[in-house]
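Notes for the one structure printed next.
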Amino acid sequence: MSAPNGKSVVVSGVGSYTPPRVLTNDDLSKMVETSDEWIRTRTGIRERRIAAPDETTSDMAAKAAAEALADSGLKAADIDLLIVGTVTPDMPFPNTACFVQQKLGMGKVPAFDVEAACSGFIYTMEIARSLMLTNGYRHALVIGAEKLSSITNWQDRTTCVLFGDGAGATVLSLVDEPGVGILQSLMGADGTETGILCVPGGGSASPSTVETIERSMHTIHMQGNQVFKIAVRVMCQSAVEILGKAGYKAEDVSIVIPHQANNRIIEALAQRLGIGMDRFKINLDRYGNTSAASIPIALDEAHRNGRIHPGDLVLLVAFGGGLTWAASLVKWQ
Ligand SMILES: CC(C)(COP(=O)(O)OP(=O)(O)OC[C@H]1O[C@@H](n2cnc3c(N)ncnc32)[C@H](O)[C@@H]1OP(=O)(O)O)[C@@H](O)C(=O)NCCC(=O)NCCS
0 MSAPNGKSVV
10 VSGVGSYTPP
20 RVLTNDDLSK
30 MVETSDEWIR
40 TRTGIRERRI
50 AAPDETTSDM
60 AAKAAAEALA
70 DSGLKAADID
80 LLIVGTVTPD
90 MPFPNTACFV
100 QQKLGMGKVP
110 AFDVEAACSG
120 FIYTMEIARS
130 LMLTNGYRHA
140 LVIGAEKLSS
150 ITNWQDRTTC
160 VLFGDGAGAT
170 VLSLVDEPGV
180 GILQSLMGAD
190 GTETGILCVP
200 GGGSASPSTV
210 ETIERSMHTI
220 HMQGNQVFKI
230 AVRVMCQSAV
240 EILGKAGYKA
250 EDVSIVIPHQ
260 ANNRIIEALA
270 QRLGIGMDRF
280 KINLDRYGNT
290 SAASIPIALD
300 EAHRNGRIHP
310 GDLVLLVAFG
320 GGLTWAASLV
330 KWQ
């Protein structure tokens, strides 16, 4: 989408928060029949963070947002749009963004959630960018936050080894300069694959009952193999398509921030793009898959560790339940 009136939307601040409690692969091997070796070789994950029982998604989101605000030099009162990407809202409603607004003491600005699973952060960022360009919002707080431990079946070794908790946030700002910041984004979904990665219970299809709880329908259900194959395909297609649309080649990309689900998926993407793994930001070894929080946490780490410089071309690319996928190309300010 080309920006009207010579304006762009730039990333003006980044922040993240991960809870202090570490759950290692060895810890998991005492809970289910698995091993550190199996988890590491199949996924690349070594450990993940787990939120405290009374720590909510909005608590983590607010902490990440406070960091992003500090990084941008703005105050909560300067923000005029707030969106949270999450599949683990504090409650079915009100939306998590309203809790974040309250916790940050923000103005009465529009606040809502976006549910696109692991693609949620890029979806959220693109929705914010579009609203900023069309409605003139000057600064938006865009957050990806998850407490996946609250929807994990801790007896299911095929899923419980993969996920973790955390939050990442960015402040987006509207600037009077064309061709900077978020240059291009794409989003897609394939609703024929809703069944391969889902939480089947607790919604209007199967409201919570004693039986749905006993059958663990309120937790993540996944056909890992199927998800893996589609993930590789849509991640590669999204990356190639967005580069083509924006008129760039893979070698122009300074750093790729992929959704942190599995090292093998990221390696397949690197191979397909012909970009070395040294140009990929990877932190899934320490955090596992944190769904909508995964990209902004990785972006924050890369930014703080000095891996992103002004003028760099940053490629964000994700896939998730739905199935959904999304990509964004950002010219760093
Ligand atoms: C989940 C995933 C790591 C499994 O790896 P895989 O190589 O596909 O493994 P399989 O599912 O074929 O399972 C192989 C064997 O390991 C076993 N296994 C599964 N989980 C295990 C675990 N945690 N520890 C030990 N063994 C395990 C399986 O039971 C199976 O045993 P069997 O051959 O006796 O039936 C992989 O499919 C994956 O990453 N998929 C994508 C998931 C994802 O990214 N989801 C989030 C999307 S946003």
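With numbering that gives the first Met the number 0 applied, the sequence shown corresponds to residues 0 to 332, in that order.
Where a beta carbon is used, it is the ideal one built from N, C-alpha and C, also for glycine.
C-beta atoms of Asn262 and Ile281 nearer than 9 Å: Taking the first residue of the sequence shown as 1, we reach residue 262 at position 263. Taking the first residue of the sequence shown as 1, we reach residue 281 at position 282. Result yes, Cβ atoms of Asn262 and Ile281 sit closer than 9 Å.
Alpha-carbon to alpha-carbon, Val231 and Ala267: Here residue 267 is taken as the residue at index 268 of the sequence shown, counted from 1. Here residue 231 is taken as the residue at index 232 of the sequence shown, counted from 1. The straight-line gap from Cα to Cα measures roughly 7 Å.
Same chain, Cβ closer than 7 Å to Arg156, five either side skipped, listed in chain order: Taking the sequence shown and counting its residues from 1, the one referred to as residue 156 is at position 157. Taken in chain order, the residues that qualify are Val31, Glu32 and Thr33.
Residue closest to Ala116, alpha-carbon to alpha-carbon, out of Ser293, Gln100 and Arg303: Position 117 of the sequence shown, counted from the first residue, corresponds to residue 116. Of the listed residues, the one whose Cα sits closest to Ala116 is Ser293.
Closest residue to Val313 among Ile78, Met221, Val179 and Ala260 (Cα-Cα distance): Here the question's residue 313 lines up with position 314 in the sequence shown. Check the Cα spacing between Val313 and each of Ile78, Met221, Val179 and Ala260: the tightest is with Val179.
For His302, the three-state DSSP class (helix, strand or coil): For the purposes of this step, residue 302 is taken as the residue at position 303 of the sequence shown. Under the three-state reduction of DSSP output, His302 falls in the helix class.
Option nearest Glu240 by Cα separation, candidates Ser11, Leu298 and Gly187: On the sequence shown, residue 240 is found 241 positions in, with the first residue counted as 1. Comparing Cα positions, the closest option is Gly187.
From Ser203, Gly104 and Ile195, residue whose alpha carbon lies closest to that of Gln222: Within the sequence shown, the letter at position 223 stands for residue 222. Answer by Cα proximity: Ile195.
CB of Ile219 within 9 Å of CB of Thr158, strictly: If you number the sequence shown from 1, residue 219 lands on position 220. If you number the sequence shown from 1, residue 158 lands on position 159. Taking 9 Å as the Cβ cut-off, Ile219 and Thr158 qualify as a contacting pair.
beta-carbon His258 near ligand 1 non-hydrogen atom, thresh 8 Å: For the purposes of this step, residue 258 is taken as the residue at position 259 of the sequence shown. Relative to ligand 1, the nearest heavy atom lies less than 8 Å away from the CB of His258.
Any non-hydrogen atom of ligand 1 within 8 Å of Trp331 CB: Indexing the sequence shown from 1 puts residue 331 at position 332. Not one heavy atom of ligand 1 falls within 8 Å of the beta-carbon of Trp331.
Delimiting residues of the alpha helix (DSSP H) encompassing Trp324: Residue 324 sits at position 325 when you count from the first residue of the sequence shown. Where Trp324 is concerned, there is no enclosing alpha helix (DSSP H), although the beta strand (DSSP E) it sits in stretches over Thr323 to Lys330.
Spatially closest choice to Val99 from Gln259, Ile82 and Arg214, by CA coordinates: Counting from one through the sequence shown, the residue named residue 99 turns up at place 100. Looking at the Cα atoms, Ile82 is the closest of the given residues.
Beta-carbon proximity of Thr95 to Arg48, cut-off 9 Å: Counting from 1 along the sequence shown, the entry for residue 95 is found at position 96. Counting from 1 along the sequence shown, the entry for residue 48 is found at position 49. At the C-beta level, Thr95 and Arg48 stay beyond 9 Å of one another.
For Val198, three-class secondary structure by DSSP: Against the sequence shown, residue 198 aligns to sequence position 199. It is coil, neither helix nor strand.
Residue of Ala269, Thr191 and Met131 minimising C-alpha distance to Leu171: For the purposes of this step, residue 171 is taken as residue 172 along the sequence shown, with counting starting at 1. Each of Ala269, Thr191 and Met131 was checked against the Cα of Leu171, and the nearest Cα belongs to Met131.
Delimiting residues of the alpha helix (DSSP H) encompassing Gln225: Walking along the sequence shown from the start, residue 225 turns up at place 226. It spans Gly223 to Ala245 - the alpha helix (DSSP H) in which Gln225 sits, taken as one unbroken run.
Cβ separation of Gly319 and Ala168, assumed to be a contact under 8 Å, to the nearest whole Å: Here residue 319 is taken as the residue at index 320 of the sequence shown, counted from 1. Here residue 168 is taken as the residue at index 169 of the sequence shown, counted from 1. Contact flag wrong, Cβ pair sits at about 18 Å.
Own chain, CB closer than 6 Å to Val316, minus 5 neighbours either side, in chain order: Looking up residue 316 in the sequence shown gives position 317. Short of 6 Å from the beta carbon of Val316, and not among the five residues preceding or following it, lie these beta carbons of its own chain, in chain order: Met234, Ser237, Ala238, Pro257 and Ala326.
Bridge partners - Ile82, DSSP secondary structure assignment: Locating residue 82 in the sequence shown gives position 83, where the first residue counts as 1. Ile82 pairs with Phe111 and Val141.
Limits of the beta strand (DSSP E) - the one that Gly319 falls within: The count along the sequence shown starts at 1 and reaches residue 319 at position 320. That run of the beta strand (DSSP E) goes Leu312 to Gly319.
Where Leu276 sits in the DSSP three-state scheme: For the purposes of this step, residue 276 is identified with residue 277 of the sequence shown, where counting begins at 1. It should be pointed out that residue 276 corresponds to Met in this sequence rather than to Leu. In the structure shown, Met276 sits in a helix (DSSP, three-state: H, G or I).
Bridge partners - Ser184, DSSP secondary structure assignment: The count along the sequence shown starts at 1 and reaches residue 184 at position 185. In the DSSP output, where bridge partners are listed per residue, Ser184 has Ser327.
Reference Gly287; option with closest CA among Glu46, Arg41, His138 and Asp35: Within the sequence shown, residue 287 is the residue found at index 288, counting from 1. If we check each option's Cα against that of Gly287, Glu46 comes out closest.
Closer than 8 Å: Val226 CB and nearest ligand 1 heavy atom: Along the sequence shown, one-based indexing puts residue 226 at 227. Flag set: Cβ of Val226 near ligand 1.
Cβ contact (3+ pairs, closer than 8 Å) linking the stretch 305–312 and the stretch 245–255: The stretch 305–312, when compared against the stretch 245–255, does touch it at the 8 Å Cβ threshold.
Beta-bridge pairing of Gly14 - partner residues as DSSP gives them: Position 15 of the sequence shown, counted from the start, is the residue given in the question as residue 14. Among the bridge pairs identified by DSSP, Gly14 is matched with Ala168.
Where the alpha helix (DSSP H) containing Ile212 begins and where it ends: Counted from its first residue, the sequence shown places residue 212 at position 213. Following the DSSP letters along the chain, one finds Ile212 inside the alpha helix (DSSP H) bounded by residues Val209 to Glu213.
C-alpha distance - Ser215 paired with Pro206, whole-angstrom precision: On the sequence shown, position 216 is the one that residue 215 refers to. On the sequence shown, position 207 is the one that residue 206 refers to. The straight-line gap from Cα to Cα measures roughly 13 Å.
Where the alpha helix (DSSP H) through Thr42 begins and ends: Along the sequence shown, one-based indexing puts residue 42 at 43. The continuous alpha helix (DSSP H) containing Thr42 extends over residues Asp35 to Thr42.
In DSSP terms, what Leu22 is bridged to: Stepping through the sequence shown from its first residue, residue 22 is reached at position 23. DSSP, once it has assigned bridges, lists Arg47 as partnering Leu22.
Leu335 Cβ short of 8 Å to ligand 1 heavy atom set: Since the first residue of the chain shown is 0 and the last is 332, residue 335 is not available in this structure.
Glu32 beta carbon near ligand 1 (any heavy atom closer than 8 Å): For the purposes of this step, residue 32 is identified with residue 33 of the sequence shown, where counting begins at 1. Within the chosen limit of 8 Å, ligand 1 reaches the beta carbon of Glu32 through at least one heavy atom.
Spatially closest choice to Leu103 from Phe120, Phe162 and Ala67, by CA coordinates: Here residue 103 refers to the residue found at position 104 when the sequence shown is read from its first residue. Cα-wise, what sits closest to Leu103 is Ala67.
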